[in-house]
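Undergrad:
Residue numbers (this note's numbering), protein chains in the order written: chain A, -8 to 371; chain B, 56 to 209.
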């Protein structure tokens, strides 16, 4: 074997390594991935999602890794997860099934007028839409970006995949990041939008809700949603199925699977698939940066929307509602409700708002799904 | 096959149509008379039938993304969901002596209008859910009360 042949062989081997195909922009993506891994581990921000997302971003941005492409016409590992999980819109719906199996709608059934707070909080979604169109996004992209303010991860993913799949990574990441930062974002807004007297409003204890009412709720709600916004019934139908299974009390094993094992499995696939969509050549542009900054505004406006809705409702109600629970209308279950509770306790140590805030919190889930349905109907 | 043949026939009959001029970037059939032309709107009457005009637009816009054809009762509505200068092309169905085509410029009135409408829509959906909950709650409560009263009596 001649020296030239050995050099050729070495050169050929070098070609198959990532080192030869190295590009500097991927280093930036390693940084982005590592940042989310850090936030998940050190700060405990939505670790169940940000950890696999961060790793997905990190690993997919190495040259030549066979993860998001096709080998001999067959999808590679993450591509497979992405294709069947997200492209087919399966994972968000399964997550909603698990969420339904975990959710107690009792506080919402006991005080159904809090549904309106969930609707009011969606104002940010529609305002952000306008802002996004102004800077040059297409209408479909604008709709998918604006739903971030609804603070509902599966709904954001479902709508984005439907209307603007190219923005899936940044949108999902922005949604989950801001959901994790609810305790930081919302309190200053809540303080700014309310006065001391309002923050001390005490609400009457919620009535107890019968089992029959809890069983009927998912049927009535899914029936109404199916009639009015059929496009989101894959999401809401699964949500209500999970809840019906829970409330029926006859399928404990299914409930257990839906809220534990199944939920955990799809969360892993969701995380890595979302992370894997964020390859340097697609991610490094002005759009993701803009989505992140606008997402924050969106979130803030939705919080304001919920609080203002409570204030408007208080003009007509005999028994006033504490506007601190208005911020929970953004969804982000159950974090936003906990923030209402913590803020309430700051001003009156005996005023527990948690159960009252769960109502608008769940209404926010239904409201953001309804808003997503409106957008899908607009473009389909 | 039939559609392709019809399209070929149209293109042969109206050779200029294949090199059609445009209004705000939207193709315009060359055969026809303009009834109104402003910066924001073009209205024209064409001797072509509704189906022929729709076929013309399907061919012209076949490679264009974010375009939606809506088949309505009295017209076909072509809507742009992208960021083009034109917003919609409406082709009437009811005219026997040819179709009327209306091309409208992209406008904020439409965007704001549809957003407000959809925001109200979210309220309407949740208000109907609220109504459903109140009604079903009342019915169930009355059943439970009756059952409890029966139990207490018996």
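All C-beta atoms in this analysis are idealised placements derived from N, C-alpha and C, irrespective of residue type, glycine included.
1. What residues of chain A sit near residue 137/B, judged by a beta carbon separation below 9 angstroms?
2. Assign residue 207/B to one of three DSSP states: helix, strand, or coil.
3. Do the CB positions of residue 338/A and residue 193/A come within less than 7 angstroms of each other?
4. What are the uninterrupted segments assigned as beta strand (DSSP E) that are 3 or more residues long and contained completely in the segment 158 to 222 of chain A, given in chain order?
5. Find the nearest neighbour of residue 147/B within the set 103/B, 202/B, 179/B and 137/B, judged by alpha-carbon distance.
6. CB-CB under 7 angstroms to residue 279/A, same chain, minus the five flanking residues each way: which ones, in chain order?
7. Could you tell me the distance, in whole angstroms, from the CA atom of residue 71/B to the CA atom of residue 273/A?
8. For residue 136/B, is the classification buried or exposed, using 16 other Cβ atoms within 10 angstroms of its Cβ as the cut-off for buried?
9. I believe residue 84/B touches residue 108/B by the beta-carbon criterion, under 8 angstroms. Please report the beta-carbon distance rounded to the nearest angstrom.
10. How far does the alpha helix (DSSP H) with residue 18/A in it extend, from its first residue to its last?
11. Please report the residue range of the alpha helix (DSSP H) in which residue 132/A lies.
12. Could you check what DSSP says for residue 277/A in three-state terms: helix, strand or coil?
13. Starting from residue 146/B and walking both ways along the beta strand (DSSP E), at which residues does that stretch end?
14. In chain A, which residues lie with their C-beta within 8 angstroms of the C-beta of residue 191/B?
15. Quick one: list the residues of chain B neighbouring residue 82/A, beta-carbon separation under 9 angstroms, in chain order.
16. Does the distance from the CB of residue 55/A to the CB of residue 68/A come in under 7 angstroms?
17. Rank 119/A, 61/A, 171/A and 164/A by C-alpha distance to the C-alpha of residue 36/A and give the top, closest one.
18. Counting only the same chain and skipping the five closest in sequence on each side, list residues whose C-beta sits under 8 angstroms from that of residue 67/B.
19. Got a sec, what are the start and stop residues for the beta strand (DSSP E) residue 90/B sits in?
20. With DSSP run on the structure shown, which of helix, strand or coil describes residue 161/B?
21. Looking at the unbroken beta strand (DSSP E) that takes in residue 131/B, where does it start and where does it end?
22. Return no unless some Cβ of chain A is closer than 7 angstroms to the Cβ of residue 202/B.
23. For residue 362/A, which residues from the same chain have a beta carbon less than 8 angstroms from its beta carbon, with the 5 sequence-adjacent residues on both sides left out?
24. Can you check whether the C-beta of residue 370/A is within less than 7 angstroms of a C-beta belonging to chain B?
25. Excluding the 5 residues flanking residue 106/A on each side, which residues of the same chain have their C-beta closer than 6 angstroms to its C-beta?
26. Please confirm whether residue 84/A and residue 236/A have their CB atoms less than 7 angstroms apart.
27. Looking only at its own chain, which residues have a Cβ that is under 6 angstroms from the Cβ of residue 94/A, when we skip the five neighbours before and after it?
28. Could you list the residues in the segment 110 to 127 of chain A with a C-beta less than 7 angstroms from some C-beta on chain B, going in chain order?
29. Specify whether the segment 29 to 46 of chain A and the segment 259 to 269 of chain A touch according to this definition: at least 3 beta carbon pairs, one from each stretch, less than 8 angstroms apart.
30. Residue 216/A to residue 11/A, Cα distance in whole Å?
31. Does residue 174/B get closer than 7 angstroms to chain A when you measure Cβ to Cβ?
32. Does the Cβ-Cβ distance between residue 98/B and residue 157/B come in under 7 angstroms?
33. Applying a beta-carbon distance threshold of less than 8 angstroms, which residues of chain E neighbour residue 183/B?
34. Assess contact between the segment 171 to 180 of chain B and the segment 115 to 125 of chain B, defined as three or more Cβ pairs (one per stretch) separated by less than 8 angstroms. Is contact present?
35. Alpha carbon to alpha carbon, how far is residue 102/A from residue 197/A?
36. Under 7 angstroms between the Cβ atoms of residue 154/B and residue 101/B?
TA: Quick answer:
1. Per Cβ cutoff of 9 angstroms: 129, 130 and 131.
2. helix
3. no
4. none
5. Among 103/B, 202/B, 179/B and 137/B, the Cα nearest to that of residue 147/B is on 103/B.
6. Excluding the 5 residues flanking it on each side, residue 279/A has same chain C-beta neighbours closer than 7 angstroms at 161, in chain order.
7. Since pLDDT at residue 71/B reaches only 41, below the 50 mark, its modelled position is unreliable, and no value is offered.
8. buried
9. 6 angstroms
10. 16 to 32
11. 130 to 137
12. helix
13. The continuous beta strand (DSSP E) containing residue 146/B extends over residues 141 to 147.
14. 204, 207, 208 and 211
15. Neighbours of residue 82/A on chain B: none; closest Cβ ~25 angstroms, over 9 angstroms.
16. Not in contact: residue 55/A and residue 68/A (Cβ atoms no closer than 7 angstroms).
17. 171/A
18. Residue placement at residue 67/B is poorly supported in this model, since its pLDDT is 49, which falls under 50; the coordinates are not used for a value here.
19. 88 to 92
20. Coil.
21. 130 to 135
22. Not an interface residue.
23. 113, 116, 117, 138 and 141
24. yes
25. 354
26. Going by C-beta atoms, residue 84/A is not nearer than 7 angstroms to residue 236/A.
27. 234
28. 110, 113, 114, 117, 120, 121, 124 and 127
29. Verdict: yes, contact present.
30. 54 angstroms
31. yes
32. yes
33. Protein chains A and B are contained in the structure displayed, whereas chain E is not.
34. no
35. Rounded to whole angstroms, residue 102/A to residue 197/A spans 7 angstroms at the Cα level.
36. yes
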